[in-house]
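The working numbering applies: residue 17 is where the sequence shown begins, and numbers increase by one. Please read the structure below before turning to the comments.
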Amino acid sequence: MAVHRVAVLTLDGVTPLDLAIPAQVFGARPETPYEVTLCALTDRVTTTVGFELVVDGGLDGLRKADTVIVPGFEPPRSPPQVVLDALAEAHDRRRRVVSICTGAFALAAAGVLDGLHATTHWRHIDDLEREYPAVQVDRDVLYVDEGEVLTSAGVCCGIDLCLHIVRRDLGAVVANRIARSLVAAPHRDGGQAQYVPAPVAVAGDNVLAETRAWALQRLDRPLSVTELARHARMSQRSFMRRFAEETGTTPLRWLVTARVGLARELLETTDLPIEQVARDCGLGTAANLRLHFRRTLNTTPTAYRRTFTRDVRTRDLAATG
17 MAVHRVAVLT
27 LDGVTPLDLA
37 IPAQVFGARP
47 ETPYEVTLCA
57 LTDRVTTTVG
67 FELVVDGGLD
77 GLRKADTVIV
87 PGFEPPRSPP
97 QVVLDALAEA
107 HDRRRRVVSI
117 CTGAFALAAA
127 GVLDGLHATT
137 HWRHIDDLER
147 EYPAVQVDRD
157 VLYVDEGEVL
167 TSAGVCCGID
177 LCLHIVRRDL
187 GAVVANRIAR
197 SLVAAPHRDG
207 GQAQYVPAPV
217 AVAGDNVLAE
227 TRAWALQRLD
237 RPLSVTELAR
247 HARMSQRSFM
257 RRFAEETGTT
267 PLRWLVTARV
277 GLARELLETT
287 DLPIEQVARD
297 CGLGTAANLR
307 LHFRRTLNTT
317 PTAYRRTFTR
327 DVRTRDLAAT
337 G
């Protein structure tokens, strides 16, 4: 596959975990085309926890990149003008521009987020909305996908966003393989075509993890809330409340997302007819599968399968290089 260059802008005051997430997700693997470079104004950058990073790449790396990622930094402020110009230039050249956590403030200051939906860390979301009124700030989401511009909420939400990008580029199979290697939670997709929000899960014990795992092994069968609650040994009312607390969504919406995810894997890895894929993932009919693909991915199952054959995937990534 042609190399896809990922430049990670390392600003002074960078959050180490925000920086490590894209470095890990887009690190070199035989099945991926990514090449990661850290870029900064100076060769030494101080992190939020005090230690310094040695950075080899300058801002020229942003100009050569296919994807530019801005990790979070503290305090959120407008970076130097030369950085803003480089970000705006990348956006003008239709390169993919991404922020993690408070990195959204740099994109907003560069004008990249004007007129778009975006998000950031919950502690700073009011500041983003107040300081950049041209940005349509989304609350209570893990990430926002506006096509060539993507933003994530706080810190670990960057994992969801980076895996979402891999899924867009290389398909569900590769993204899920990377998620398993990171021991990360399953990737969560949203349900709107213009941008893709995913609900924030509430922290707490995963009491229903066993029931969700049980359901994932039975996606080809009809599964009702009553049946799921019975497996969890809860009343339906308690089950619904606890499920929302743990996942940030409803059982039925979670099931649809899981079924679409299974359909994506089947389309990528098998030659099963569309009708069979629909039955095997529990969506019933080809028409219903097409409906959910259109709502969730703004495409059709046939087009999705064609996109993620190896020849087409290689050609598309080469075009972005």
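Backbone N, C-alpha and C define an ideal beta-carbon position, used for all residues, glycine too. If you're wondering where the values come from, they're calculated on a predicted model, not measured in any experiment.
Out of Ser-197, Gly-264, Trp-270, Ala-150, which has the shortest C-alpha to C-alpha gap to Arg-228? Considering only alpha carbons, the answer is Trp-270.
Kindly indicate which three-state DSSP category Cys-55 falls into: helix, strand or coil? It is a strand residue.
Element boundaries [beta strand (DSSP E), containing Asp-28]: In the DSSP assignment, Asp-28 falls outside any beta strand (DSSP E) and carries neither an H nor an E.
Output needed for Thr-323: all residues of its chain with C-beta closer than 6 Å, excluding positions within five of it in sequence on either side, in chain order. If we look at Thr-323 and ignore the five residues flanking it on each side, it has no Cβ neighbours.
Given Gly-73, which residues of its chain have a CB within under 6 Å of its CB, disregarding the five upstream and five downstream residues? Answer for Gly-73: Thr-53, Leu-54, Cys-55, listed in chain order.
In angstroms, rounded to a whole number, what distance separates the CA positions of Val-99 and Thr-273? Per the coordinates, the alpha-carbon of Val-99 lies some 38 Å from the alpha-carbon of Thr-273.
Check whether Leu-103 and Ala-122 have beta carbons under 8 Å apart: Contact: yes.
Please state whether DSSP places Phe-338 in a helix, a strand or coil. Since the displayed the chain opens at 17 and closes at 337, residue 338 lies outside it and no answer follows.
Could you name each continuous alpha helix (DSSP H) segment of 4 residues or more that falls completely within the segment 68-113, going from the start of the chain to the end? Whole alpha helix (DSSP H) segments, 4+ residues: 76-80, 97-108.
Within the same chain, show all residues whose beta-carbon is closer than 7 Å to that of Ala-188, passing over the 5 residues directly before and after it, in chain order. Residues of the same chain with a CB within less than 7 Å of the CB of Ala-188, apart from the 5 flanking positions on each side, are Gly-277, Arg-280, Glu-281, Glu-284 in chain order.
Where does Asp-185 fall in DSSP's three states? DSSP places Asp-185 in helix when its eight states are reduced to three.
For Asp-28, which residues in the same chain have their Cβ closer than 6 Å to its Cβ, ignoring the five residues on either side in sequence? Here the set comprises Val-61, Thr-62.
Among residues of its own chain, excluding the 5 on either side of Leu-25, which ones have a beta-carbon nearer than 6 Å to its beta-carbon? Spatial neighbours of Leu-25 in its own chain (CB-CB distance under 6 Å, excluding positions within 5 residues in sequence) are listed in chain order as Cys-55, Val-86.
Leu-287: buried (16+ other C-beta within 10 angstroms of its C-beta) or exposed? Contrary to the premise, residue 287 reads as Asp rather than Leu in this sequence. So Asp-287 ends up on the exposed side.
Candidates Cys-297, Val-293, Val-114: closest to Thr-318 by CA position: For Thr-318, the nearest C-alpha among the options comes from Val-293.
On a Cα-Cα basis, can you pick out the residue from Tyr-148, Glu-147, Asp-34 that is closest to Cys-178? Cα-wise, what sits closest to Cys-178 is Asp-34.
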